[in-house]
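Under the UniProt record's numbering, the first residue of the sequence shown is numbered 1, with each subsequent residue one higher.
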Amino acid sequence: MKRKFPWLQTTLLVIAMLAIGTASIYTARIIDGKGDHFDWFMAVVLVIIGISNTVQFFRSRRKK
Numbered sequence: 001m002k003r004k005f006p007w008l009q010t011t012l013l014v015i016a017m018l019a020i021g022t023a024s025i026y027t028a029r030i031i032d033g034k035g036d037h038f039d040w041f042m043a044v045v046l047v048i049i050g051i052s053n054t055v056q057f058f059r060s061r062r063k064k
């Protein structure tokens with residue numbers, strides 16, 4: 001029988017992937033030397049969001 005993938009888990013995973021992907025853009029700007037304080041702030045915040053959502057995703061998968 002096929003297991004269903006709940007929408008909440010899908011949302012957590014998509015937000016995590018988008019946050020990490022966007023953080024990589026900000027990180028590339030920082031590495032190129034074109035980054036300012038906003039780029040540093042956004043990179044850190046997006047990485048925290050991505051890691052948090054990834055952890056929540058795996059915790060919700062384990063609870064079943």
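Beta carbons are placed, not taken as given, at the ideal position from N, Cα and C, and that holds for glycine.
Three-way DSSP call (helix, strand, coil) for residue i in this model
i	result
ASP39	helix
GLY21	helix
GLY33	coil
Whether residue i touches residue j by CB criterion (9 Å)
i	j	result
THR54	ALA16	yes
GLN9	SER60	yes
LEU13	PHE41	no
Cβ neighbours of residue i in the same chain (closer than 7 Å, five flanking residues each side left out)
i	result
GLY50	ALA16, ALA19, ILE20, ALA23
ILE48	none
Residue from the options with nearest C-alpha to residue i
i	options	result
ASP39	THR27, VAL47, PRO6	THR27
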